[in-house]
Structure formats: C-alpha cells, structure tokens
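Since the structure comes first, as structure tokens, the remarks are kept for the end.
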Amino acid sequence: MPQRIYTNSGPEPFVNVPKLDLLTFLLDSEHSVTAVSEENIPLHTDAANPANSVRKNDLIDLTQRIAYGLRHEYGVGANGPNKDVVTVISYGQPLVAAAFFGVVGAGGVYSAASPSSTLADLVRQITIGTSRLIICGAEFKELATRAAQQCKLPLNRILVLESSPWSLASLYGGIDVIADQRLPWERITDPEALKKSIITILWSSGTTGLPKGVMLSHENLVTECYVVSLSGRAWAAKQIEAGKELKPYRTLAHLPISHIAGLFGYLIGPIYSGGHVYWMRKYEWSKLLEYAKKYEITAFYTVPSIYLRISKSPDVTDQFKHVDAASTGAAPMDGDLQTAANSKLGQGETFIGQTWGLSETTGAVTMMPRGESDVTGSVSPILPTVEIRMVDENYEDVEPGQEGEMLIRSPLVTQGYFNNPQATKDAFHGDWFCSGDIGIMRNGKFYIVDRKKELLKYKGLQVAPAEIENLLFTHPKIQEAAVVGVNMPDDPGTDLPRAYVVADPSQVTEDEIKDFVKQKLAPYKQLRGGVVFVNELPKNAIGKYLRRELRDRAKKELGLMSDSTLADNHSKLKEFIASIATIRGDLSNITAPPFVLDTKSAVELPAFWAERPSVFVAAAASSNPAERALLVLRWFISALRDQQYAGRSAKEGVKKPLNAFLGELFIARWEDESGITRLPSSTGHSVSSMERRTRGFRYTRQEITFTGNVNIRQIGHATLHLRKHHETYLIPLPNVKIKGILTGSPYPELEGTYHIPSTNGYMSKIEFDGKGLFGSSSQKHSFEAKVYRQGEEDHPIYTISGNWDKIFVIHDVANDADIETFDITTAKTTPLTTDPISEQDAWESRVAWRGVREALESGNMQGVADAKSKLENGQREMRKEDGDGKDWKRLFYDPCSEDPIAQSLRHQIGQALDPSETVAAWKFRLEDWDQGIFEKPYRGTLRPDNSHPTRSPDISQSNVGVGSAAPSSGGISGNQVESQHVDFNHPDGDAGHDNTKKQLASHSESETADMGETERRQVEDFLRDMHSSRKR
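Here the sequence shown stands for residues 1 to 1032, where the numbers follow the UniProt record's numbering.
As structure tokens, this is what we get:
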C-alpha cells in the first residue's frame, strides 16, 4: 500500500532554508530583522525593573565575552564543537539569552534543566549529559552545589548567572566568566556540519516516563525559526502595502526557558523578528496580568491551561487588549475554549492559532498562518519542510477520517536522544519520527486526539482524556480538569476515566459533572472512575498535567495497594488458610489475622441493600404486576455487588467484616440531594418508604466452613412488601464462596439457583454461574435471570443477564427489545452518613470498633490486635456479671411466632421456613420509633462480650438505622441482625404528605426521608422506557 504523505499546501512545501549556524543567522545575516536593524534596539528587559535592559549591541558583546570566558577558564569547545555540555538551570531573566549564545559561541552544548527539577532530576541530567559545568540562577545555588557534589564535579565549576547587575561568575573560586576579551563565534555554512551538530539538549517533559535528552542542531533551530516566520512576514508585507501600520513586537516571558516554547519563544524567535521580550522571573498570575497591560504586549504565546484561566477569570478585563498575535501549543485546545479565550484578546478581534509539535521536532510542525483563523480545534496547517503520515498500530497508513499516530519527517526532527541509542531507535520507524500523538484528519484539517501513551481503553474502545478535559473546560463552574484512567476491578485491560477538577463543590456536584459529560459524550467515555475535587492540579514547568501523580493518587484513594503490599498480605493469608484447613464446623467466630479484616462491622454491611433508594422504591410506582416483579429483581441484582465486596476495591479482594458483638447497634442515614435524611439498613433489617408504601425485612445469620474455598451459608429469610399493591416478595439470601483463597487473591462468588416468588402470581428465577477462578473474566460474577408467570417458566416475559458486579442488560422478550443496560459501576448511590463519633452511643458500631478501625486504616496490625482484645475482654466481664439463663432484651424488635406469608411463598418454591433454618420472625417497633421513645444512652456502659452466654446460644443483632445484637429464644446459634426500618417519604401530591413529614421530622431528623426530584424522574423514565419498548 503506498504511503499517504501530507505536506504544506502552499506553492512551496519545501523551501530553501539558509545554510547558516544559529548565531550568524540571528545576529549577522540579512534574514534577521535584528541583524539588519541600524538601531541598537532593546531585546531583553526585566519586567520588574525596566531600566535593566539588554540591547542588540549588548547581546552581541556579552555573547562573545561569555564565549571567551567559558573557553579559556573552563575549556568549553577547546577540543572541538558538540562535546562539552553545560547544564543551565535558571528562572527567566534578561541575561539568559547571552548565556545560551555564549555556550553555543564557545562550541559547547547548552543543556536546559527545568527550574522545577529535584536534586535527583538534576543529578540524572548532569550524569546522562556528561556535563562539565553548571550555570544556575541565584535561587538554585544550593541545589546546584548538592548536585555537583553527588556528580563529583569541582565546586568551582558552578557558575551563578545574575541580571542585576550583569554577572556570570563562579560560586566558589572568584572566576568572572564575562571576560574583557571576546571570542567570535564560528560561522558555519557546511550543510552536513549544520545537520550533525549538537548545540542544545532539551529534556523531555517526563509526564509519562523518565526525561530523555533531546539533541537539537543548528539546522533544527534555524529551520524552525525560518519556516514559522514565513506566513507572518507575508502578512506584514500585505499590511504595509495596504498602508497599515504594524504594531511593535512585544512579548512577555513567563514560560520556562528549559522548554522549547521558552527557548524558541524568548531566545530565538523574537531576535529574528526584532521583538522585545519582557522577562518575568517566573509565572505568577497577578504579575502576568499587570505586565501584559503595563507593557502593552502584542504577541502572546502560552499554554492552554493559562488560556483557560484567561477565559474564565473575572480578573481579566483589558490587560490583553493590545495583543494582535496569539498562539498556543503543548496540549490540544478545544474549539470552545479557543473561542472563549479569543474574546479576551485584542478587544475580541484576535484569534489564537494552534500549533502542534514536540521538543523532538524543535517545536511547531503545524501552525496557523497569520491572518487566517479556525475555531474547530484544529492544530493548523503543516509548515513548509514538514511531511506527516498517519498510521495504525501496524504502521499502515489510515484513511482520512480515521485516527492514527502521526509520524514526521523533516529537517526539524531531532537526531535522537543524548547517550540513549535504544530510546533513539525506538522513536523512529525507518526515517519517520514517531510522535506518540494520535491525530485525525477531518475536512482537510488535522486534530490531535491525545498522546498515544495516555489513551485509555474502555472495553476495547479508545478514550482520549484530552477530549473529556476539553469538554470539562467549557463547564462554567470548572476552572481546570485532568482525566486519568483507573483500572476497572477484575479487568486490568479496562480503564475507568476519573476526573480531577478544580472547582467549588458547593457550586457544582459530582453528579452534575457526570451528567454534563453524559449529555455530550458517548457512553464509553463517561466518568465511571468518579470525580474528585482538588484545589490545584500537579503540573510540570510548562503547564502539562503530571498524570503519573494523579494516577498514583487515584490508586491510594481507591485502595489499590502496591503489588509488594498485596504480595506480603497474600503470603500471610495462605499461612492463615493453612492453619484453619483442618478445622471442621462453623468458622463464623474464628479470629482472623488483622490484615484480613475489613474496617466495617458485620452489622453495617446490609446498608448496601438500599443504597440506591430510587431503585428500591421503583416497583411501587408501576401499575403492572409483571413490571413490578421485574423491578424487584432489578433492585435485588443491583444491590449484590457492594454487599459482597462491602464497597471495597476488587484488587484488594473481599475482607472479613468484624464480628458483631452482643448488643451492637448501628445507626445511620442517607443524605439525598434535597437535604432530607434517610435511615440505612444493616444485616437483618427493615427498610421502609412510607409514601411509596414499600418495606423490606431481612433476618439472617451465617455459617462459615472451609473446603479449599471459604463457604458462607446464609440462613434466614427476607421479604419485600409493596403495601400499595398488597404484594409480598420472598427475597433470596444467596450463599457465597470466597474463591481464590489459595492463590492469595480472595473474591466473592455466588453460585446456584434462587427464586423470588411473589403473592401477585409472578416469579423470578436467578442462576448464578460462579465459574470465576478458571472461567473467563466474562463468566466471573455472571448470572442469568428471568421473570415469568408462575407455572409458565418456559415463557419468560423479561430476562436479565450480565455480571452482578459490573453491567447487566434487561430484555423484553415479547418485543425482542433491550429495555435498559444497568451499569453498577456508575449507577448513583446515596452516601451513608452517621452522627459524629462524639454524638454516637457507646454501643454503636463505629464507636465500639473505633480503635480497631483506626489501627486498620493506619496499618498498625498490633494496634488492631490490642483493640480487638480490649473489646473481647469487656464481653467476658459482662458474661461473668450477667450469668447464665438471661435472655437478651432487644431494643427495636419484638418477636413474632410466625410469618405466614413468607411460609406460603417458600412453599411456592418447594421450601419451608423451618425454625432450625431461620432466625424466626421479628416485628420492628415502628410506632415506638415514631413516638421517639428510643433515646440515648440506649444500654448504658459498653462492656460487650462477643460470646455472651445464655441458655440459648448467642445471636447478634444489628440495625439498619439502628441495630442491636441479642441471643435468640429459638435455640439458633450464629449472628442475627435486628434492624430498624429505613424510611423513605415520597411526595405524591396529596395533602397528607406534609402532615406525615412534619410528624416524623418532629421526632428526629434521621427519621424522615424524601425521594429527590431527580430520583423520582429516574423511576418514571425507566417505567416510560419499558412501556415504549412494549409498544414497539
């Protein structure tokens, strides 16, 4: 297949560039405006002290004097050019150009170190660059000294550059490098010598890996300077011909000189065009605005992040009104941001031209010609002398409209990386430089999608962080945003986009930001990894986001431990498993090693049963019994993932919750978007919505055995009541296998077949595959379910299939249409909130287990053991005092003799509620709760004992909202959860609603609940979609 090569569309795509060395080209040739000027024009001025200015004659004189001092005091260039490397680290100052030209004039190589360099960074660059000399700004004397010591450089080889007064002298030894004598630079015209020369080393940004030294030659820099100026000079000639006056070229240096943008934009380009550079020591927002206005800046190049601030900040008024030439680079800029920033420049008449290039291409290889404009986000036409290809992963050329990596061939391309032949080899495909940028050609224009290394993969589809960032930039409440990928649990090949935003969380919420993205971008580009609010984003010196830092931060925030930590814990876990492998019988109360423990108590876990209130109450809103059965099934499946993993990262695996102790309480609530509170549930619990007349009950205990896997048998039953429709559903409590134990990577898996029978004549059947460990990743956590009329299983009305921890699809069988794709990872949950620790009762979980939890969170395993021992010893003391024969008095539940409806539903699936296989039935004391008789302190001083003896074996109870642990009168051992109701009030427009709400609110804030408008719309939209599907 022939190569598809793109070039400049002008009449001369390959212009003749002058064959001159850089210094001759700029300071002594007919091509340079500065060189031909008869005036001693100012070139470099201190913005803070405009009296301090380096003029044309000063620059030429300083260049030759510094070159002489470097040659004769330090031998730079004495053995020929391109050999002696001088490392320079400084903030911006007027004398930097003279230092740069002086190093080049002496025959040395100017190695530009970033002012943000750490000691390790600087040592690495000195070492790899084999530098013989360090030039530093005054702020870097200590850093330079430490680096020289580590690199075994004599301290008299540290030179300090000062611009007020002008000085370049050794830090130690008293050597003045600005000599009285002068060394004229060598005039070079040989094309091969110009091409093979090395006059500067720029260190790549290091945003994705360790920086590499990019070698640039005379040919590279002269070519860049010449070709980027062609369109500007042609435009200026037309303006003059039309009798228009040209504005003087004044720019403001605020970007680091260690980057190609600073090196070319302040030290080279302005001199070629006769420009005047005002120097800021370093970037500072208020000073940028002050100096831009004070010096009437006309030419302005900066990075997109600064243009973003210019576009959004109320501080920007008329500071940039004189700008008539503006450009940007370093990262893609969205057309919307481009337009917004344009409005703040040149009284709204100046257009920002995008450039695209890299340090390896000496800067820009594309640029918008002066006088032309584009607001589509294009990176502009190709410059003369440049050839570009766009290829796929096999280096086959892609068609226009298809994404591909952009390859470049040009005299602008570097020879390679200094002292790094392997990196040089890897950077080229034949004679084409591989940019690592993914682009696309649309309507004859180039657009940059993102860096190849930064692209995310979501289920095989590419996601460009830059596209999401550019969209977020347009949100009026977001100042900045950076997007990184976090590994999807159990699927390392899938990235979930996670946004870090600089915004006021009181002005915009995470859900609003997610909805904003959802309205604009494809489903696979959504912020499934979450939104995190930050005060600032980490950037390198040029303003590029340091994504490595954000990815590391995300791993910590999401609990993704390092591989070494995981390996250590996995090893210990194997030892623990080996120790219990010979034990037969129930392991529920076994003492597990601290690192295996979760920070949550077992009484908290069933709170996840109702973490999505709109999903929980959806069934009550439907008038169709089959739909209601489906919506109950949908709720049941959607609640499984966080119940089984307790909200933890799958990479860490499942952990053992803290055993419930006798009398343990759990009281909490959910805060919805309207500020109304809801009470959550715990292990066995009651969840209620008074207005929707929906209530769920759950009573359970567990038996745990080990047979290579940890087997958790759920004993008990659960029911869901839709009182509006006089319906009850029997909810299964699936048994759990903890797989991967022997490999040290435990995770929960559900297996077997379960049913949800109901009193309305419809049945749901769920089959958990549970192949997990040796099955494919798609089989792990997989299930299939169907809804059918009782006795007509072969004629399902709806089916649901997928993975209960990720995504499942609901299908309307009769209409052969998918109704919904439910994504567990992104479906909105309502955060659980507890009272402050200081206000909780002594018997509440988070007070009682506080010492254990804090020790676990800090990694103090001995502290975990000590805190657990203290709690257990307290229970032993209670056992001694209470003696045998006492029944534990429950706070929130009264026992019931039987549950006839649940018995009837069990019979539908061929089972029975055997007293030996359940924890009996309990009735929540709703009237007492409403009347507010439950007051703190609930039980007095806490000295709980996890094995409190009675004539009957122990059963712990916990609440959703409120829970307590107690022995059963039915002779069943294990853990039962007693739970207070979870109450959701939903406005339905009738007069009774407000009265009910006021009555509940008068007792306690945490007893009332309101479905937010958004949640109600979600329920209504889902039902509408089902009806539409049925009509189709």
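Heads up, the beta-carbon is just placed ideally off N, CA and C, and yes, glycines get one too. Being a predicted model, the structure only gives us computed values, none of them experimental.
Length of the line joining the Cα atoms of residue i and residue j
i      : j      : result
Lys141 : Pro191 : 39 Å
Ser117 : Thr145 : 14 Å
Pro332 : Glu467 : 9 Å
Phe14  : Val227 : 10 Å
Glu349 : Ser638 : 54 Å
Leu27  : Leu194 : 17 Å
Met406 : Leu546 : 23 Å
Glu536 : Arg309 : 13 Å
Cys225 : Lys344 : 28 Å
Thr582 : Gln908 : With a pLDDT of only 48 at Thr582, under the threshold of 50, the placement of this residue in the model should not be trusted, and no figure is reported.
Ala166 : Gln93  : The sequence shown places Trp at residue 166, rather than the Ala named in the question. Each residue's alpha carbon lies about 10 Å from the other.
Val85  : Leu161 : 17 Å
Thr302 : Ala47  : 17 Å
Glu604 : Ala112 : 57 Å
Ser32  : Gly269 : 10 Å
Ala330 : Thr474 : 19 Å
His429 : Ala78  : 36 Å
Glu454 : Thr494 : 13 Å
Val177 : Arg71  : 9 Å
Buried or exposed (CB count within 10 angstroms, at least 16 for buried), residue i
i      : result
Val809 : exposed
Ile5   : exposed
Lys196 : exposed
Ala120 : exposed
Arg442 : exposed
Asp21  : buried
Glu393 : exposed
Pro50  : exposed
Asn211 : For clarity, residue 211 is Pro in the given sequence; the question names Asn instead. Buried, since its Cβ has 16 or more Cβ neighbours within 10 Å.
Val36  : exposed
Gly80  : exposed
Which residues DSSP lists as bridging residue i, in chain order
i      : result
Lys457 : Gln462
Pro757 : Met763
Pro538 : The partner list for Pro538 (beta bridge, DSSP) is empty, contrary to what the question assumes.
Arg389 : Leu407
Glu703 : Arg713
Arg442 : Lys445
Backbone secondary structure at residue i - three-state DSSP
i      : result
Ile5   : coil
Lys425 : helix
Thr189 : coil
His811 : strand
Cys151 : coil
Ser623 : coil
Ala499 : strand
Gly961 : Its pLDDT being 33, under 50, Gly961 is placed unreliably by the model, and the measurement read from it follows with that caveat. It is coil, neither helix nor strand.
Tyr788 : strand
Leu168 : strand
Trp235 : helix
Gln643 : helix
Tyr295 : coil
His218 : helix
Ser131 : strand
Proximity of residue i and residue j at Cβ, strictly below 9 Å
i            : j      : result
Ser305       : Gly543 : yes
Thr361       : Ser435 : yes
Val484       : Tyr500 : yes
Ala253       : Met280 : yes
Gly353       : Ser311 : no
Leu335       : Leu412 : Here residue 335 turns out to be Gly, not Leu, going by the sequence shown. Result no, Cβ atoms of Gly335 and Leu412 do not sit closer than 9 Å.
Leu471       : Leu521 : yes
Ile66        : Ala179 : yes
Val517       : Gln526 : yes
residue 1058 : Arg695 : In the structure as shown, the chain starts at 1 and stops at 1032, and residue 1058 therefore has no counterpart that could be examined.
Ile712       : Lys739 : no
Interface flag, residue i vs chain B, CB-CB below 9 Å
i      : result
Glu296 : No chain B is part of this structure, which consists of one protein chain only.
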